[in-house]
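Worksheet: one structure, shown below.
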Amino acid sequence: MLAWREGRELELGTPLQRSILTMLLLREGRAVSPTEMIDAIWGDEAPPRALGALRTYVSRLRAVLEPDRSPRMRPELLTSVGRGYALRLPPGAFDLAEFERLVAEAETERRAGDLPGAAETLRRALGLWSGEPLAGAVGPYIESQRGRLTERRVGVVETLMELDLELGRHADVVHELVALTSEHPLRERLRGQLMLAYYRCGRQADALAVFGDIRRALVEELGIDPGHELASLHQSILAADPELAWTRARQVRQKPASDGDVRPAEAPAAAVQDGEHESVQEMPRPAQLPAAVNDFTGRREVVNRLRTLLTSVSGGEGVPVAAVSGIGGVGKTTLAVHVAHSLHEVFPDGQLYADLRGYGEEPTAPESVLAAFLRALGIPVDIIPDGLAERGALFRSLLADRRMIVLLDNARDAEQVEHLLPGTAGCAAIVTSRGKLADLPSARLVDLEVMEPEEALGLFAAVAGPERVAVERAAAMDVVAICGFLPLAVRIVAARLAARPAWTVASLVPRLADERRRLDEMRIGHLAVHATFSLGYGHLDPAQARAFRLLSLPNGPDVSVQAAVSLLGLSTLETEDMLESLVDVSLLEAPAPGRYRYHDLLRLFARKQVELSDDADAAAQALRRLLGFYLASAQAAHRLAYEGSVISEHLVSLGVAGRSFAGADEAVTWLTIEAETLFAAIGQASDSARTPEALLPAADLLLAMEPLLESGAFAREFAGRASGLLAAARAAGDKVSELRCRYVLGRVLFVANRLRDADTEFRTALELADVTGDPIVNGEILNALAVVAGRRRRHEEALAWFDSALKAFKESGAVGGEALVASYSARDHLALGSTDEAIAAAERGLALFSELGSGAGTARARYQLGVVLSRVGRLTEAVVHHAECLDFFRAGGQTVWEQRVCCRLAETFITAERYQDAARHAEQALTLSREIGHPYGEALSLTVLGRALAGLGSVRRSGDCLKRALDIFTRLGSPEADDLRALLKLDQISD
């Protein structure tokens, strides 16, 4: 699947991201819900955070489709429709829709008797296709649609072939039908068309041979005989039935010419006579291709794409050239040889092959290759010209009017290749190279990626033995995953296993698990992954080699351009050029615009080069610069997300500039996109740090990521990194870093409603703040203790903590903290019967946050005010405040808050006896809480849903919801369990 914007091809990202775009395209502007997308893409194997991943992919697609759109502007193409998404494209932008339009137009022309016009229109329609449909996308839905579209295309091709035969173009379509029947060997209609074309060309024996081939194939594959229509055609050919011959009378009327007269039909191409090619037949028919491997596995999509590219009839004079690139060991040569062998019938005049040794010590000179080709074509050595241009001209002359395929393997660059290509249509060329030959004229670039998991498993089984793999399938999948699905690595490991009958597949896993020895395990005989990578690395200049080494150091899944600037210590322009140069030679991947990553094995190889370069200090400094960039950027994000907070002012600086953001939305979006890399940086720093000075930046980065806690999507990651960092801090006696970890852990525990544990962490953090004198989160800890006490219904204790928090915030000048205290204390005032104080406190919090211009603070203050107003019966005002903050939380992806607001709206609607509206919001809250794995939120949602259903008269469903809520509250130790027991007891009494 390919896409362009203003003439430039877009990078559509990972297979899952492409799958989302594909599904939206196929819906043709209709909305698709998140649930439908998750089911379509992952099926029954959806990950726990599938919805979060889906939203991230949608965000990245929007950036690709509308790169100039401001974050504050609504998307015009990939739009949100309710909770789902739709892709709105202008007319003519979607090739499948254009294809269907042209097919319908051709049918109209055919019905009107304009057969040449119909055939031309169908060729235009089929010209929109390139390779396998939906290439690059994955998932159950994609597979079913791929099959449907493939069948649709083949049906249209069959119709076109039928039209061409009706028009007497039998000689023209023979080669095309040969290729089609090779690609679809069991299609009886195509086989019949090829039989008829051969017969009309005077090749009765070939026509009969086609019938024999398909009869054998059908019996062997399906256990059936050819159908009646094909069998009848066979009998007619045997009898030389005159009805099969083409005559001009078979044509219907043609499209009127411009002068109003009917055009005479074009004369059909004459049948090729044996004598016409005698001069060509006398020339040698070289067959230089290396032997194809007998265990070639997978690659169906790219094989079909290459076959289509190399055999397509576009009506032009150019030579189809496929330039296949990819990292060392990905199987470029194996693929190219397999495809070239499969096209033997399409290029019957011969196959030429040359290993250009582009990444060896001495690349093969083009003059030498041409001399070898000319000798293979029958030119005596003594008359071969000396110059490169003269040899190239003679080579192209000899290939004119012949159908040959040329395979140029392991090319260094376009300059080495350009004189070795055929010059006229009828021939084709495949070029393989580690570099992307973007400057090779007319070449279609094919970037070969590693195998899909099932393909890699198939290769492993083919080499190691299918019986051994069948018994230990799970272990085998672990092995190919450790190999990074790289064909060379899979083949080597499988060959080692095959040579050692006593080994089990499972015994390979621990041998390969050690990253420091993994590449050493991937060698057998003359094959070695390390050696293959070394060839590419050895051709880098010193600056590229340095960048290749340093970029491998971070543990994150990828790196952005901005992060790489800090890591490499270069300017933005220099960094972009360096990154792209490594992509061009397939030592780095670019999975999305502005992001770069390694193949797992290449990363290990690069890190090994770091060890060998004796550049440990430079490596440590590079990682510290990267950590400094992440910390400075997260600090800026925290400042915008929590306007009025002074936490960001107390974070350490490593002297590295970070990103700047236009506003809080952009800041939180950056944190979300970079979350995995940030958590990885924290883990890497905590694993290697041994002193408080080394630990503090990592702890500060964890604290600066605090805005992500509001989404609820990263609770597990926060808990894991905070616990690991806490252990390291305690081991180093670093109480300052321990303070930050305790505070973050307390927040994670509070969101999970583990109130006792949260209270313990916050109290320990408060003690550490007193011991260290570090005021960074002093007010926040006191405020958190107040909120925990209020949740535990200790309202007087809560107000006392709020008073202490207010004092701390005033001392530090944190106006946002003062607003926080006012907003959050309102519900405790209300619980103690102080209605006026509650409303006043909530309104004061809203006013302070509004003055600060804090969007997040204002939204949370509206939430608290809405809760208070609902409890005192001012229902309309409560709904207004909650509706406004709900929009904010949804737009910012703050799912925890979105779920809370939906629950409160449901409660308000229950009070207003609007039970249908209440049930709708309660169900939304329930869905959200389950998406982020939030048990307390799930129990609250079930409670209000049960009450709403009771109001609607659904007594049984209501009871089920309330009982499930009670189970969760009881498990969590929440005081709400007692409320529910009382409610359920009253229901039983009333029953």
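Residue numbers (the numbering used here): 129 to 1119.
Glycine is no exception: its CB is placed at the ideal position from the N, C-alpha and C atoms.
N- and C-terminal bounds of the beta strand (DSSP E) containing residue i
i      : result
Asn538 : 533–539
Thr207 : 206–209
Val574 : 571–575
Pro719 : 717–720
Gly874 : Premise fails: Gly874 lies in the alpha helix (DSSP H), 863–879, not in any beta strand (DSSP E).
Gly212 : 212–215
Residue nearest to residue i in terms of C-alpha spacing, selected from the options
i       : options                         : result
Asp669  : Ala656, Val657, Gly486, Leu710  : Leu710
Ala609  : Gly586, Ala627, Glu595          : Gly586
Ala675  : Pro903, Arg315, Asp743, Glu821  : Asp743
Arg868  : Asp828, Val599, Arg844          : Asp828
Ala253  : Arg280, Thr1023, Gly506         : Arg280
Gly684  : Pro494, Thr703, Ala656, Tyr724  : Tyr724
Leu149  : Ala1034, Gly171, Val301, Leu193 : Leu193
Gly320  : Asp300, Ala589, His356          : His356
Leu215  : Ala221, Phe222, Thr207          : Thr207
Leu647  : Leu614, Gly973, Ala464          : Leu614
Cys1089 : Ser1069, Ile169, Gly1081        : Ser1069
Leu295  : Gly245, Ala1040, Met833, Asp898 : Gly245
Arg317  : Arg1084, Asp334, Gly283         : Gly283
His298  : Tyr327, Pro219, Leu314, Gly506  : Tyr327
Leu189  : Leu153, Phe1016, Ala860, Arg972 : Leu153
Three-state secondary structure (DSSP) of residue i
i       : result
Gln479  : strand
Cys329  : coil
Glu137  : strand
Val282  : helix
Ile104  : It is not possible to answer for residue 104, since the shown part of the chain is limited to 129 through 1119.
Tyr726  : coil
Val607  : helix
Gly1079 : helix
Gly388  : Note that Gly388 scores a pLDDT of 35, beneath 50, so its modelled location is shaky; the value from the coordinates is reported in the next line. Coil.
Thr552  : coil
Leu779  : coil
Thr560  : strand
Ser161  : coil
Val784  : coil
Val943  : helix
Val687  : strand
Ala415  : strand
Trp1124 : An answer regarding residue 1124 cannot be provided, because it is not within the stretch 129 to 1119 covered by the chain.
Ala395  : Its pLDDT being 29, under 50, Ala395 is placed unreliably by the model, and the measurement read from it follows with that caveat. Looking at Ala395 - three-state DSSP - the assignment turns out to be coil, as it is neither helix nor strand.
Trp631  : coil
Trp257  : coil
Range of the contiguous alpha helix (DSSP H) that encloses residue i
i      : result
Leu308 : 298–311
Glu582 : 581–592
Thr425 : Per DSSP, Thr425 belongs to no alpha helix (DSSP H) and is neither H nor E.
Leu824 : 820–832
Ser453 : No alpha helix (DSSP H) contains Ser453, which is instead part of the beta strand (DSSP E) from 449–453.
Tyr991 : 983–999
Per-residue burial, residue i [other beta carbons within 10 Å of its own, 16 or more giving buried]
i       : result
Gly840  : buried
Asp887  : buried
Lys460  : buried
Lys1091 : exposed
Ile352  : exposed
His1009 : buried
Pro569  : exposed
Trp132  : exposed
Asn881  : buried
Asn911  : buried
Minimum Cβ-Cβ distance from residue i to chain C less than 9 Å
i      : result
Thr142 : Protein chains in the displayed structure number just one, and chain C is not present.
>> Check whether the stretch 424–431 and the stretch 524–538 are in contact - that is, three or more C-beta pairs closer than 8 Å.
In response: no
> When the Cβ atoms of the stretch 960–972 are set against those of the stretch 775–793, are three or more pairs found closer than 8 Å?
Replying inline: no
> Should the stretch 804–821 be regarded as contacting the stretch 845–856, the criterion being three or more beta carbon pairs within less than 8 Å?
Replying inline: yes
>> Under 8 Å, with one C-beta from each stretch per pair, do the stretch 463–479 and the stretch 326–342 reach the 3-pair mark?
In response: no
>> I'd like to know if the stretch 572–588 and the stretch 494–512 are in contact, where contact means that at least 3 CB-CB pairs between them fall below 8 Å.
In response: no
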